[in-house]
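Structure first, commentary second.
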Amino acid sequence: MYGTARLHDRGDGPGGVLMRTIDSVEGEADRRRLLDLARVFDHLPTGFCVFDAELRYVYVNGALAALSGLPPEDHIGRTFHEMLPRVAQSVETELRQVLTTGKFFAGGVVEAETSAASGVKQAFQHSAAAVWGEDNEIIGLSCLVHDVTSQRRTR
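Next up, the structure:
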């Protein structure tokens, strides 16, 4: 069900592995569109992920994996709710709104414990944008996630 595509075969460092859910997106062109989008973010220091229309993780970059404390491959094919059940209700509402309307969402902040810092609440700011397929239908979401814990503590 799941496949891996190596994006950087030059041996130039970690990352470069893009995980994807083969069956989660219909149509080769739409799958390629999600994968091309994700490639841009392989080495970005900001957390980035791509969800399919069912809010299953299709791609997770290394920075988001580090924030969550779990490797990228542990996310792939699982829903947001499965990965973060304590905060899923509030964040899923925002994500589903983007899936329904196609309108960009920015500035959501959630406080949560993660496997990366068990017992410590951290604050994460997130934004989400619709990913459009060839038929002008929403096929998923792209999300950016920033750890804003230190900024919130200095207020």
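21 is the number of the first residue of the sequence shown in our numbering; add one for each residue after it.
We put the CB at the ideal spot given by N, CA and C, even for glycine.
Item: C-alpha distance - Gly97 paired with Val129, whole-angstrom precision; Value: 24 Å
Item: Ile158 to Glu133 span [Cα, whole Å]; Value: 31 Å
Item: Assumed close pair Ala143, Arg172 - CB separation to whole angstroms, cut-off 8 Å; Value: 5 Å
Item: Euclidean distance between Cα positions of Ser135 and Ala73; Value: 26 Å
Item: Between the CA atoms of Leu84 and Phe68 - distance to the nearest angstrom; Value: 6 Å
Item: Beta-carbon contacts of Phe125 that lie in its chain and below 7 Å, excluding the five residues immediately before and after; Value: Glu114, Gln117, Val118, Ser147, Ala148
Item: Cβ separation of Phe100 and Phe71, assumed to be a contact under 8 Å, to the nearest whole Å; Value: 7 Å
Item: Range covered by the alpha helix (DSSP H) that runs through His101; Value: 100-103
Item: Residue closest to Lys123, alpha-carbon to alpha-carbon, out of Gln145, Ser110, Val151; Value: Val151
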